[in-house]
Ligand code: SRM
Ligand SMILES: Cc1cc2nc3c(=O)[nH]c(=O)nc-3n(C[C@H](O)[C@H](O)[C@H](O)COP(=O)(O)OP(=O)(O)OC[C@H]3O[C@@H](n4cnc5c(N)ncnc54)[C@H](O)[C@@H]3O)c2cc1C
Ligand code: SF4
Ligand code: FES
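Listed below in structure tokens is the structure:
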């Protein structure tokens, strides 16, 4: 990116607040963000809106590094937000990282 | 970053339809970075599969199902989509196009793909509201809006489009008349015999067909009300659909001074009279010919992309196309010169009893035309023979009976060239299918469909896709077990997985996955819910349910709706309720401002539009009034419908309501392979519809008739009678035993109807009617499992309210 690193990292909770293979939402200025925790304890964050028909991805089944949308079963990659073939679409990713067991999210300004 | 490079040429596409976007895909495949691309589309959305409008009209598909390129597709490729704005001018001197709202874009290369317009008969009244063509999704919406039962529609034109429109409208209970100017229907695809059979089939479905009917005028005040025929007859009409032909959409090209005949004239490289402007699709005229089917468009798109990107020098060669009518239940295929004439010979086969007619037309020992009616299963084989110009003299005797009898040396797909198109709806060719099969080691038609969309639209090429799989996998396909794998994470089928769970004592999902060599670390959305159920069923009381492996509805104990809110359905035992319960529901509705309250088809009340974070409070309040979860969301016991029965009804022979309540109290909370619905009727009038339920009970004077494996859903199936019993206790025992047998033997997501069709009712009877000891054992296992499943999930969840709230808020 063009060095626009004006984002601030916000502490939004502890890793253990999210069940493994699950997600919780965070209300942000850009709308609800889904924060996922996978089986291997990686965290990912996506806008909580499926590229197909805005299904709430936070409510989907998490498997591997993907989530299956609860409305019509599109499979969205957690790392890139891209829908698995043959579906075509993309959800915005939101920067997120772990510091120890705290979850830091950079959503909005 | 997407730098706009000054060296990139500017490509503007006018027409956001099937041909234009296909050409764009071909261009991007050859030269992904060569152009800055702008697409203008008069329709206000991305691209969709126009040929599937007929199934949308018939209610078999939704618009979402047929969208092929949504806004994200364009965005991901940095294509600017100007949707909902028609181009009204091309300025060839400045090389600019101008949209109707004033949007201007310059081009180096311009591609016209404006398609065609429905031809509107120039009769008085043709411009009244309610008179439309059949071309766009907007037309379909207009038609659907007129679809009140008892409404009258007149479809002018008995060709492919007209008949599909008529059939679609009929599906919605509309009274439909088809007018055709000629004596026989679909004269461009059918001979007189098959046209007669088609007419009889359509009339049997309730369509009225008037041939040699010519329209004189359409009448109405502010909208159409009737149609007058030239012979003086008057037809009532709330809707008139004109399907009398199409005209290439050439106004824009003509105004720009391009060479235009019936269509925009193009050379073999798809170039118009201006070398910077190309055209593809139904708007073109090529060697004097115009087009009306999709197959030629795919070839045009390839040639055009070759030329524009200079990837190759190729030339468009017109080829024969085949046609099928997309009316479910009518199987026909037609291609080539099916009428024949001088110098041709005909082979005709007719089996009136089965409604089959086949006509093959040969010239010089080659197939030049074919019509199949009633059984078009071999259409692909005939079509290949026709296109390839194969000499058929050796197999002539058996030709009309299809490849099996004709002893064709290479029957079907193996013999096809790589570029042969298998799926016409989605333009997928043989080499593409073979490539994905080998690249991803695919073994099922479903998998090929998922990767390529081949056979995903009308499905008529499914057989060919399967044949390609067989061809590609050879023995591997034949030896491949007939058993379907549970999902792509494993090669094991459902039965094998259940058997292993039992035999090896596997107790958790990760254990199963490890023991059975799952190919993924934690499965997928198909296998995890199935495994969770199998373990729960196998180890009652021992297995700890895995919420993360449940579909959202079961995890949230409420049904997710399209806007992300939920619906909540409390149980109403046997369809009974009380003032207290109704008052509690009313209070909850007021307190949480629940927008919709609906009586369901299952005799209870649905509260729709509850927000996720409200769920625990809603449940708590309902619990307080004594109500529990109705499991309307679960693969679980749903409703037990009852009628009033002997308590009130003058015909009732037994107390069906109390029996329903008793059954529901015994069965509620049970998790099952798919949802389970029960009903109890008080007499054979069957007001509770017991004969389309998973377990249905009908009271008779001498006791109770028990029925199983009915289904009122997608495909209605009437129950099989299981037994006749005399006591109330028998009813409960048979019910418990049947549900347990189903729980133990069915595959996940298999309704009782499908399960019983698979194993046979005789098997069920042997296990639980003839074998009383086994029935008692099954019933006992059911009751044992119920000990662990009959606690109200709402009560438990309401304790963990924080789970339903946001993790944090960083506004
Ligand atoms: C609410 C209700 C419609 C209504 O307003 O009346 C309904 C709503 C849904 N039905 Fe139904 N069905 C409802 C009665 C029925 C009935 C009628 C009945 O039960 O007597 C049937 C036909 C009977 C049958 O099942 O055999 C019915 C056959 C289906 C089917 C087709 C099942 C099949 O095997 O063919 C589905 C699809 C599925 O389950 O995969 C379905 C699926 C659905 C889903 C779950 C669709 C979904 O996945 O979101 C709907 C959930 C809406 C929601 O969130 O509440 N619904 N559905 C009814 C709830 C009854 C209840 O009190 O629990
Ligand atoms: C109901 C129905 C069923 C069919 N069934 C079959 C079938 O079973 N088999 C088969 O082979 N074919 C079938 N067809 C025909 C097939 O759909 C067409 O051959 C195909 O869509 C033609 O593609 P096209 O891109 O040339 O035109 P279109 O798909 O019509 O695309 C043209 C697009 O250009 C837009 N446009 C026009 N002028 C302008 C302008 N000035 N500015 C901007 N945009 C403009 C139009 O709005 C349209 O969206 C069917 C058609 C219909 C309507
Ligand atoms: S409630 Fe049932 S019939 Fe109605 S739209 Fe939903 S699934 Fe279809
Ligand atoms: S909204 Fe996500 S799959 Fe449809």
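Residue numbers (my numbering), protein chains in the order written: chain E, 1 to 109; chain C, 1001 to 1811.
The beta-carbon is built from N, C-alpha and C at its ideal position, and this holds for glycine as well.
Fair warning: this is a prediction, and the values are worked out from it, not measured in the lab.
Under 7 Å, CB to CB, which of the residues in the stretch 79-106 of chain E have a partner in chain C? Answer in chain order: 85, 86, 88, 89, 90, 105.
Find the residues of chain E that neighbour residue 1381 of chain C, judging by a C-beta separation of less than 9 Å, and give them in chain order. Correct list: empty, because the minimum Cβ distance to chain E is about 28 Å.
Could you tell me whether any Cβ in chain C is nearer than 8 Å to the Cβ of residue 18 of chain E? Answer yes: the Cβ-Cβ gap between residue 18 of chain E and chain C drops below 8 Å somewhere.
Proximal chain E residues relative to residue 1524 of chain C, where beta-carbon distance stays under 9 Å: Contact of residue 1524 of chain C with chain E by beta-carbon distance below 9 Å involves 61, 63, 64, 66, 68, 75.
Whose beta carbon lies closer than 5 Å to any heavy atom of ligand 4, going through the chain in order? A Cβ closer than 5 Å to some heavy atom of ligand 4 marks a residue here, and those residues are E:50, E:52, E:53, E:55, E:69, E:71, E:72, E:74.
With DSSP collapsed to three states, give me the class of residue 1429 of chain C. Residue 1429 of chain C: strand per DSSP, three-state reduction.
So which residues of chain C does residue 22 of chain E contact, with C-beta pairs closer than 7 Å? Identification of chain C residues near residue 22 of chain E by a Cβ-Cβ cut-off of 7 Å yields 1548, ordered along the chain.
So residue 1328 of chain C and residue 1269 of chain C are in contact, right, with Cβ under 8 Å, and what is the actual spacing, rounded? Their Cβ separation, rounded to whole angstroms, is 40 Å, which puts residue 1328 of chain C and residue 1269 of chain C out of contact at 8 Å.
My understanding is that residue 1035 of chain C touches residue 1008 of chain C, with C-beta atoms under 8 Å, so please give their C-beta distance in whole angstroms. Beta-carbon to beta-carbon, residue 1035 of chain C and residue 1008 of chain C are separated by about 6 Å, close enough to satisfy the 8 Å threshold.
Could you work out which residues of chain E lie near residue 1073 of chain C, taking near to mean beta carbons separated by less than 7 Å? Against residue 1073 of chain C, the close residues of chain E are 88, in the order they occur along the chain (beta-carbon pairs closer than 7 Å).
Mapping DSSP to helix, strand and coil, what is residue 1704 of chain C? Reduced to three states, the DSSP call for residue 1704 of chain C is strand.
For residue 24 of chain E, I'd like the list of residues in its chain whose CB is within less than 8 Å of its CB, leaving aside the five on either flank, ordered along the chain. In the same chain as residue 24 of chain E, and ignoring 5 residues on each side of it, the C-beta atoms closer than 8 Å to its own belong to 13, 17, 18, 34, 35, 58, in chain order.
Return no unless some Cβ of chain E is closer than 8 Å to the Cβ of residue 1453 of chain C. Closer than 8 Å to some Cβ of chain E, the Cβ of residue 1453 of chain C qualifies, so yes.
Please name the residue, chosen from C:1562, C:1607, C:1585, that lies closest to residue 1595 of chain C on a Cα-to-Cα basis. Taking only the C-alpha atoms, the option nearest residue 1595 of chain C is C:1607.
Limits of the beta strand (DSSP E) - the one that residue 1344 of chain C falls within: Here residue 1344 of chain C belongs to no beta strand (DSSP E), and DSSP marks it neither H nor E.
Determine whether the Cβ of residue 1809 of chain C lies closer than 8 Å to any Cβ atom of chain E. Yes - at least one Cβ of chain E is within 8 Å of the one on residue 1809 of chain C.
Amino acids of chain E, ordered along the chain, whose beta-carbon sits closer than 9 Å to that of residue 1064 of chain C: The answer, in chain order, is 52, 53, 72.
Counting only beta-carbon atoms, is residue 45 of chain E nearer than 8 Å to chain C? Chain C contact via Cβ: absent.
Suppose the cutoff is 6 Å on Cβ atoms and the five residues either side in sequence are ignored; what does the same chain contact list for residue 1541 of chain C look like? The residues are 1788.
Distance, Cα to Cα, residue 1333 of chain C vs residue 1142 of chain C? Residue 1333 of chain C and residue 1142 of chain C: Cα-Cα distance of roughly 29 Å.
Please classify residue 3 of chain E: does DSSP put it in a helix, a strand, or coil? With a pLDDT of 37 at residue 3 of chain E, under the threshold of 50, the modelled position of that residue is not reliable, and no figure is offered here.
Taking only the alpha-carbon atoms, compute the straight-line gap between residue 1410 of chain C and residue 1063 of chain C and give it to the nearest angstrom. Note that residue 1410 of chain C scores a pLDDT of 46, beneath 50, so its modelled location is shaky and nothing firm can be said.
Does any C-beta atom of chain C lie closer than 8 Å to the C-beta of residue 31 of chain E? With 8 Å as the cut-off, residue 31 of chain E does not count as an interface residue toward chain C.
C-beta neighbour in chain C for residue 39 of chain E, strict 8 Å: True, the Cβ-Cβ gap to chain C drops below 8 Å.
Within 10 Å of its beta-carbon, does residue 1093 of chain C have 16 or more other beta-carbons around it, so buried, or fewer, so exposed? Under the 10 Å beta carbon count, residue 1093 of chain C is surrounded by fewer than 16 other beta carbons and is classified as exposed.
Give me whichever residues DSSP pairs with residue 1229 of chain C in a beta bridge. BP columns for residue 1229 of chain C point to C:1215.
DSSP on residue 1383 of chain C, reduced to helix/strand/coil? Helix at residue 1383 of chain C.
With 16 as the cutoff for other CB atoms within 10 Å, does residue 1429 of chain C come out buried or exposed? Burial is judged here by how many other beta carbons sit within 10 angstroms of a residue's own beta carbon; residue 1429 of chain C has at least 16 and is buried.
Say yes only if the C-beta of residue 61 of chain E is nearer than 7 Å to one or more non-hydrogen atoms of ligand 2, and no if none qualify. It does not: the Cβ of residue 61 of chain E is nowhere closer than 7 Å to a heavy atom of ligand 2.
Name the residues in the stretch 1495-1528 of chain C whose C-beta lies less than 8 Å from a C-beta of chain E; which are they? If you check each beta-carbon in the stretch 1495-1528 of chain C against every beta-carbon of chain E, the ones closer than 8 Å belong to 1520, 1521, 1522, 1523, 1524, 1525, 1528.
For residue 1478 of chain C, which three-state DSSP category applies? Note that residue 1478 of chain C scores 47 on pLDDT, short of 50, meaning its location in the model is unreliable and no value can be drawn from it.
Specify whether the stretch 1735-1742 of chain C and the stretch 1752-1766 of chain C touch according to this definition: at least 3 beta carbon pairs, one from each stretch, less than 8 Å apart. Judged by pairs of C-beta atoms under 8 Å, the stretch 1735-1742 of chain C touches the stretch 1752-1766 of chain C, as three or more such pairs exist.
With residue 1566 of chain C as the anchor, note down where its beta strand (DSSP E) starts and where it stops. First-last of the beta strand (DSSP E) with residue 1566 of chain C: 1566-1568.
Using the rule of at least 16 other Cβ atoms within 10 Å of the residue's Cβ for burial, across every protein chain shown, is residue 1033 of chain C buried or exposed? Looking at its Cβ environment, which holds fewer than 16 other Cβ atoms inside 10 Å, residue 1033 of chain C is exposed.
For residue 1677 of chain C, count neighbouring Cβ atoms within 10 angstroms of its own Cβ and tell me buried if that reaches 16, exposed if not. Buried, since its Cβ has 16 or more Cβ neighbours within 10 Å.
Are the beta-carbon atoms belonging to residue 1023 of chain C and residue 1113 of chain C less than 8 Å from one another? Yes, the Cβ-Cβ distance between residue 1023 of chain C and residue 1113 of chain C is below 8 Å.
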